[in-house]
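Which chain is which? The protein sequence lines are A and B, in order. Using the working numbering, the first residue of the first sequence is number 1, and each one after it goes up by one. Using the working numbering, the first residue of the second sequence is number 1, and each one after it goes up by one. All C-beta atoms in this analysis are idealised placements derived from N, C-alpha and C, irrespective of residue type, glycine included. Since the structure comes first, as structure tokens, the remarks are kept for the end.
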Amino acid sequence: MDRTLVDFVKALRTAEVKVSPAETLDAMHAMNIVGYEDREFLKNSLGLVLAKNPEEKETFDSCFDRFFTFDKFQSSMSDEMEDDTSSAFDDDGDFDLSERGENQQSGKGGGQGGAGGGGQAEADLEESTLQPTSALGKLLMSGDRTELTIAMAEAGREVEVNQIVVFTQKGLYTRKIMDAMGLKGLQDEIGELKAHGGVPQSKLSGKLKKARDQLREKVRDYVEKQFFLHADESGKQLREELLKKVKLSNLEKRNFKDVQEVVFKMAKKLIAIHSKRRKTYRRGQLDVRKTLRSNMQYDGMMFNIKWKSSKVDRPKVMCICDVSGSVSNYSRFLLMFLYSLAEILPKVRSFAFSSDLGEVTELFENSNLEDAMSKTMRDYGNGSTDYGQMLTDFKNHVLDDVNNKTTVIILGDARNNYGDPKAEILREIYDRAKRVIWLNPEPRMSWTVGDAEMKKYAPACHQVEVCNSLVHLERVVANLLKSVS
Amino acid sequence: MTLKNEAKLASVEEIQQNFEELHYICSLQIATAVFLAYHLEKPILIEGPPGVGKTELAKTTAEMLDLECIRLQCYEGLDEAKAIYEWKYGKQLLYTQVLKETLAEILDGAKGLTESVAKLHEFGDIFFSEDFLEPRPLLKALKDPEGCVLLIDEVDKSDHEFESLLLEMLSDFQLSIPEIGTIKARPDRKPLVFLTSNNTREISDALKRRCLHLYIPFPDAALERQIIEARVPEVAEKLRNQLVAFIQELRDMDLKKVPAISETIDWARTLILLHTESLDPDLVRQTLNVILKFQEDIETVEAELQSVTNKALKES
């Protein structure tokens with residue numbers, strides 16, 4: 001059972017329930033106390049020990065149900081087997097009755113001796129005395145579903161079906177399990193029976209064949225279930241890793257949902273790291289007044305020295321995004337990222353432009369991201385990019401709000417269509433703001449090619465970064481947070 | 001671990017029954033949590049919306065086991081002096097003053113500072129012994145000779161630092177006091193610890209790892225009816241069904257704060273005082289402030305009062 005528990009914990013981990021080894025040990029203790037007789041009780045107990053927040057509890061519940069579904073599986077299997085045996089008898093004769101009834105009747109038939117039906121019954125009798133010899137064949141014919149299920153689970157464990165990674169491996173593992181259960185013996189037997197050629201032999205071989213096919217079906221189901229349990233989520237993780245690295249402009253609309261999930265996850269991680277409020281501030285110079293005051297109680301002896309401390313504020317972020325066609329995707333995810341961080345970055349103001357600049361802060365705060373993004377695109381997305389106009393607008397409307405606590409992030413490719421770059425305005429912003437960060441989705445090589453004005457803008461920025469994937473975005477935002485806390 | 005009323009914790013059903021006798025109706029999960037907490041000797045971290053009976057669970061457990069319930073209410077700025085121990089500074093000062101003469105006698109004949117100090121050392125750290133120690137809830141809970149129920153209420157309100165302070169207590173049932181050493185709970189009298197949290201912030205993984213995690217959601221209609229029956233037995237069955245159905249309806253609405261069990265109980269009591277026999281929209285409107293705590297919510301509900309009431313009446 002310990003092994004089963006470890007497997008279960010592994011399944012939980014792939015489903016993104018964080019379970020530490022210590023918790024696994026706790027779960028074992030709990031199991032020892034609780035026992036496995038009462039399924040609901042066991043589920044509740046393990047849930048208490050292993051899942052540590054409401055979301056995890058939900059995942060845990062579904063995982064538990066999926067992992068421990070043997071009994072359901074058994075009954076469905078036995079049902080089908082029963083159906084099969086009865087239908088087999090239907091073919092033989094017209095016996096709709098249970099096996100025992102059939103035996104009685106066949107006995108009678110033998111007694112009457114003569115009628116065609118009786119003759120068939122005799123054949124049946126003979127057939128039932130002919131038993132399969134291979135281990136798997138015996139198991140299949142004995143009709144003990146529990147044994148069969150256990151054998152399958154054991155075979156699965158033997159071939160380590162829980163290592164399954166991608167769905168193309170399903171066939172492989174199905175075969176492996178069948179082999180481990182002794183498929184070869186069964187095949188040989190079927191072959192032998194066929195070669196023998198007698199009526200009962202061929203009947204038995206037919207039955208065995210049917211049972212084998214059914215078993216294969218069941219094993220495939222089992223592997224499928226295992227795949228969902230062990231690999232589905234790890235496949236997802238793989239995809240997420242890929243999404244983080246892929247160029248944002250190459251993302252297609254159908255990926256947006258996944259990306260959003262990834263962004264939220266990254267944001268959550270950053271929040272967890274940075275949400276802790278630090279009590280110790282940066283220590284400054286000696287605070288004479290405070291020191292004198294607090295040392296009065298010691299007769300003016302300078303016993304308890306006080307320092308001037310400066311409280312570190314969270315940054316005020318202003319984010320200026322180019323939303324013209326070529327860069328809009330990047331803007332979308334930068335904004336998504338920033339607004340996912342609302343908990344630790346409360347003061348984000350965002351602006352969008354392609355030529356004229358407009359503030360979209362309220363839009364993003366009040367409606368969901370998709371709507372806000374599409375509205376922004378509609379209002380600002382058309383027109384050719386004009387960075388000079390954008391900077392002029394910024395100077396006229398917003399520059400007064402920029403102070404030494406403001407971080408200005410500009411996202412754009414700096415392709416100005418050969419217009420006036422007005423880099424001197426950026427310089428002005430640079431002088432007033434705490435930081436100016438320029439994120440450019442294009443690779444560094446093309447920053448000076450064609451109409452790109454990066455060479456003029458770069459000196460007026462504190463930091464210039466290439467930014468074209470989620471990994472880059474995460475790095476930029478993490479730095480932003482680090483520089484302040 | 002053996003507590004005096006251990007038999008009451010023998011099985012989950014037993015616990016559920018005993019709770020019921022004390023008018024605390026609980027789901028199977030809750031009873032399982034108490035059962036495991038006792039047998040695994042682990043604290044329970046209880047989360048859930050306010051008013052679902054998190055604190056009540058700890059109190060009821062204490063009552064059931066006939067143990068003292070020591071409560072530590074957490075708030076921002078709570079520190080070890082308030083939670084674990086404090087030196088009785090005044091007493092120390094007073095004693096030194098009173099004993100001044102005795103000290104003079106003891107030191108009589110000692111020459112020089114070294115000798116006096118050496119002599120004083122013979123008496124050990126009398127002023128930093130347990131006599132001068134003011135135990136606070138956590139220490140009290142450890143030293144309780146009978147064992148006790150320790151309730152650490154609203155952990156999420158305390159600082160991160162305090163959370164770390166709790167770790168030693170929660171995993172080993174011991175506390176370290178630099179001047180005295182480590183104080184351990186008697187192995188057979190470990191306190192039953194309950195921590196509650198309203199989830200205003202995420203509790204650290206380190207703390208969560210050491211606890212059983214119990215999430216108490218709002219109860220379903222059947223359970224809530226049972227609770228009302230146990231808590232306010234005066235309410236007639238018809239009214240009870242109606243008011244529970246009404247509250248369940250409210251919980252599906254988009255409100256700032258949805259009514260919890262405690263509000264349902266209050267409302268039931270109010271309706272009894274008003275000699276109500278059946279719900280009607282006017283009456284609900286008058287008593288809405290008992291179950292809803294924000295003006296906005298009251299306005300939202302008032303707008304749909306008629307339909308919600310009708311629905312509740314139909315359902316019950």
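Query raised in the report: Using 8 angstroms as the limit for Cβ to Cβ distance, is Pro54 of chain A near chain B?
Result: The count along the first sequence starts at 1 and reaches residue 54 of chain A at position 54. So yes, Pro54 of chain A belongs to the interface.
**Report entry** Environment of Ser176 of chain B [buried if 16+ CB atoms lie within 10 Å]
**Finding:** Counted from its first residue, the second sequence places residue 176 of chain B at position 176. The residue is exposed, with fewer than 16 neighbouring Cβ atoms inside 10 Å.
Query raised in the report: With 16 other CB atoms within 10 Å as the buried threshold, where does Met445 of chain A fall?
Result: Here the question's residue 445 of chain A lines up with position 445 in the first sequence. By the 10 Å Cβ count, Met445 of chain A comes out exposed.
Query raised in the report: Below 8 angstroms, can you find three or more Cβ-Cβ pairs linking the stretch 472–479 of chain A to the stretch 172–189 of chain B?
Result: no
Report task. Could you confirm whether any beta carbon from chain A is found closer than 8 angstroms to the beta carbon of Leu36 of chain B? Result -> For the purposes of this step, residue 36 of chain B is identified with residue 36 of the second sequence, where counting begins at 1. Yes, Leu36 of chain B lies at the interface with chain A (some Cβ there is under 8 angstroms from its Cβ).
**Report entry** Beta-bridge pairing of Ile46 of chain B - partner residues as DSSP gives them
**Finding:** For the purposes of this step, residue 46 of chain B is taken as residue 46 along the second sequence, with counting starting at 1. Paired residue(s): B:Thr196 and B:Leu214.
Query - Same chain only: Cβ atoms within 7 angstroms of Met169 of chain B, ignoring 5 sequence neighbours per side - result: The residue given as residue 169 of chain B occupies position 169 in the second sequence. Its chain contains Leu138 and Leu175 as the residues whose beta carbon lies nearer than 7 angstroms to that of Met169 of chain B, once the 5 sequence neighbours on both sides are disregarded; these appear in chain order.
**Report entry** Candidates A:Ala27, A:Lys209 and A:Lys253: closest to Gly191 of chain A by CA position
**Finding:** Walking along the first sequence from the start, residue 191 of chain A turns up at place 191. Considering only alpha carbons, the answer is A:Lys209.
Query raised in the report: How many whole angstroms separate the CB atoms of Leu212 of chain B and Ala33 of chain B, which I take to be in contact at a CB cut-off of 8 angstroms?
Result: As a position in the second sequence, residue 212 of chain B is number 212, starting the count at 1. As a position in the second sequence, residue 33 of chain B is number 33, starting the count at 1. Indeed they touch by this definition, with Cβ atoms about 6 angstroms apart.
Query raised in the report: Hey, out of B:Glu224, B:Lys190 and B:Ala222, whose CA is closest to Glu6 of chain B's CA?
Result: One-based indexing of the second sequence puts residue 6 of chain B at position 6. Comparing Cα-Cα distances from Glu6 of chain B to each of B:Glu224, B:Lys190 and B:Ala222, the minimum goes to B:Lys190.
Query raised in the report: Just checking, does the stretch 462–474 of chain A make contact with the stretch 236–253 of chain A on the three C-beta pairs under 8 angstroms criterion?
Result: yes
Report task. Determine whether the Cβ of Ala349 of chain B lies closer than 8 angstroms to any Cβ atom of chain A. Result -> Outside the displayed span of chain B (1 to 316) sits residue 349 of chain B, for which this structure offers no information.
Query raised in the report: Just curious, the beta strand (DSSP E) that Lys257 of chain B is in, first and last residue?
Result: Start at 1 with the first residue of the second sequence, and residue 257 of chain B comes out as number 257. Element bounds for Lys257 of chain B: n/a, residue is neither H nor E.
**Report entry** Short Cβ contact (8 angstroms threshold) for Ser278 of chain B with Lys311 of chain B
**Finding:** Working through the second sequence from its first residue, we reach residue 278 of chain B at position 278. Working through the second sequence from its first residue, we reach residue 311 of chain B at position 311. No, these two residues do not count as a Cβ contact at 8 angstroms.
Query raised in the report: Is it buried or exposed for Glu263 of chain B, if we count other Cβ within 10 angstroms and need 16 for buried?
Result: In the second sequence, counting from the first residue as 1, residue 263 of chain B sits at position 263. Note on Glu263 of chain B: 16 or more other CB atoms within 10 angstroms of its CB, so buried under the neighbour-count rule.
Query raised in the report: If you measure from the beta carbon of Ile33 of chain A to each beta carbon in chain B, is any gap under 8 angstroms?
Result: Taking the first residue of the first sequence as position 1, residue 33 of chain A is located at position 33. Ile33 of chain A counts as touching chain B.
Requested in this report: Determine the chain A residues that contact Gln29 of chain B at a beta-carbon separation under 9 angstroms, and present them in chain order.
Outcome: The residue labelled residue 29 of chain B in the question sits at position 29 within the second sequence. Neighbours of Gln29 of chain B on chain A, chain order: Asn44, Gly47 and Leu48.
Query raised in the report: In the structure shown, what three-state DSSP assignment does Lys208 of chain B receive?
Result: Mapped onto the second sequence, residue 208 of chain B falls at position 208. In this structure, DSSP gives Lys208 of chain B a helical state, which the three-state scheme calls helix.
Query raised in the report: Between Glu23 of chain A and chain B, is there a C-beta pair that is closer than 8 angstroms?
Result: Here the question's residue 23 of chain A lines up with position 23 in the first sequence. So, interface residue.
**Report entry** Close Cβ partners of Asn199 of chain B (< 6 angstroms) along its chain, the five nearest in sequence each way excluded
**Finding:** Counted from its first residue, the second sequence places residue 199 of chain B at position 199. Cβ neighbours of Asn199 of chain B beyond the five flanking positions: Glu47.
Query - Inter-residue spacing [alpha-carbon to alpha-carbon] between Glu122 of chain B and Lys88 of chain B - result: Stepping through the second sequence from its first residue, residue 122 of chain B is reached at position 122. Stepping through the second sequence from its first residue, residue 88 of chain B is reached at position 88. Approximately 22 angstroms between the Cα atoms of the pair.
Query raised in the report: If we count the other Cβ atoms within 10 Å of its Cβ and call it buried at 16 or more, is Pro187 of chain B buried or exposed?
Result: Here residue 187 of chain B refers to the residue found at position 187 of the second sequence. Residue burial annotation: Pro187 of chain B is exposed, with fewer than 16 other C-beta atoms found within 10 angstroms of its C-beta.
Query raised in the report: Should Pro43 of chain B be labelled buried (16 or more other beta-carbon atoms within 10 Å of its own) or exposed?
Result: For this step, residue 43 of chain B is matched to residue 43 along the second sequence. So Pro43 of chain B ends up on the buried side.
Query - Beta-carbon proximity of Phe218 of chain B to Val52 of chain B, cut-off 8 angstroms - result: The residue labelled residue 218 of chain B in the question sits at position 218 within the second sequence. The residue labelled residue 52 of chain B in the question sits at position 52 within the second sequence. It is a contact, given that the beta carbons lie within the stated cut-off.
Query raised in the report: Among residues of its own chain, excluding the 5 on either side of Leu167 of chain B, which ones have a beta-carbon nearer than 8 angstroms to its beta-carbon?
Result: Counting from one through the second sequence, the residue named residue 167 of chain B turns up at place 167. Ala206, Leu207 and Arg210, listed in sequence order.
Query raised in the report: To which residues of the same chain is Arg3 of chain A closer than 8 angstroms at the C-beta, ignoring the five residues directly before and after it?
Result: As a first step, residue 3 of chain A is located in the first sequence; it is residue number 3 there, counting from the start. Excluding its 5 nearest sequence neighbours in each direction, Arg3 of chain A has C-beta neighbours in its own chain below 8 angstroms: Arg157, listed in chain order.
Query raised in the report: In chain A, what lies closer than 7 angstroms to Lys208 of chain B by C-beta?
Result: Working through the second sequence from its first residue, we reach residue 208 of chain B at position 208. For Lys208 of chain B, the neighbours in chain A by C-beta distance under 7 angstroms run, in chain order, Lys52.
Query - Close beta carbons around Thr407 of chain A, own chain, < 6 angstroms, minus the five adjacent residues each side - result: Here residue 407 of chain A is taken as the residue at index 407 of the first sequence, counted from 1. Cβ within range, chain order: Pro315, Val317, Lys434 and Arg435.
Query raised in the report: How about Glu20 of chain B and Ala230 of chain B: are their beta carbons less than 8 angstroms apart?
Result: Sequence index remark: in the second sequence, residue 20 of chain B carries index 20 (1-based). Sequence index remark: in the second sequence, residue 230 of chain B carries index 230 (1-based). Yes; because the gap between Cβ atoms is below 8 angstroms, this pair is in contact.
Query raised in the report: Rounded to a whole number of angstroms, what is the C-alpha to C-alpha distance between Leu57 of chain B and Lys314 of chain B?
Result: One-based indexing of the second sequence puts residue 57 of chain B at position 57. One-based indexing of the second sequence puts residue 314 of chain B at position 314. Approximately 33 angstroms between the Cα atoms of the pair.
Query raised in the report: Does the beta-carbon of Phe495 of chain A have 16 or more other beta-carbons within 10 angstroms, so that it is buried, or is it exposed?
Result: Because chain A in this structure spans residues 1 to 485, residue 495 of chain A falls outside the shown range and cannot be described.
Query - Top-ranked residue by Cα proximity to Val398 of chain A, from A:Ala423, A:Arg349 and A:Cys467 - result: Here residue 398 of chain A corresponds to residue number 398 of the first sequence, with the count starting at 1. For the options A:Ala423, A:Arg349 and A:Cys467, the alpha carbon positioned closest to that of Val398 of chain A is the one of A:Arg349.
Query raised in the report: Hey, how far is the Cα of Ser304 of chain A from the Cα of Leu292 of chain A?
Result: Taking the first residue of the first sequence as 1, we reach residue 304 of chain A at position 304. Taking the first residue of the first sequence as 1, we reach residue 292 of chain A at position 292. Sequence check: residue 304 of chain A is Asn here, not Ser. Approximately 9 angstroms between the Cα atoms of the pair.
Query raised in the report: What do you reckon, is the C-beta of Leu175 of chain B under 7 angstroms from a heavy atom of the ligand NAP?
Result: Summarising the ligand content, the structure contains no ligands, and the ligand NAP is consequently not present.
Report task. Excluding the 5 residues preceding and the 5 following Asp386 of chain A in the sequence, name in chain order all residues of the same chain whose CB lies nearer than 6 angstroms to its CB. Result -> The residue labelled residue 386 of chain A in the question sits at position 386 within the first sequence. Same-chain partners within the cutoff: Ser355 and Gly419.
Report task. Compare the C-beta of Ser485 of chain A with all C-beta atoms of chain B and state if any pair is closer than 8 angstroms. Result -> Start at 1 with the first residue of the first sequence, and residue 485 of chain A comes out as number 485. Model confidence at Ser485 of chain A stands at a pLDDT of 45, short of 50, so the residue's coordinates are unreliable and nothing is read from them.
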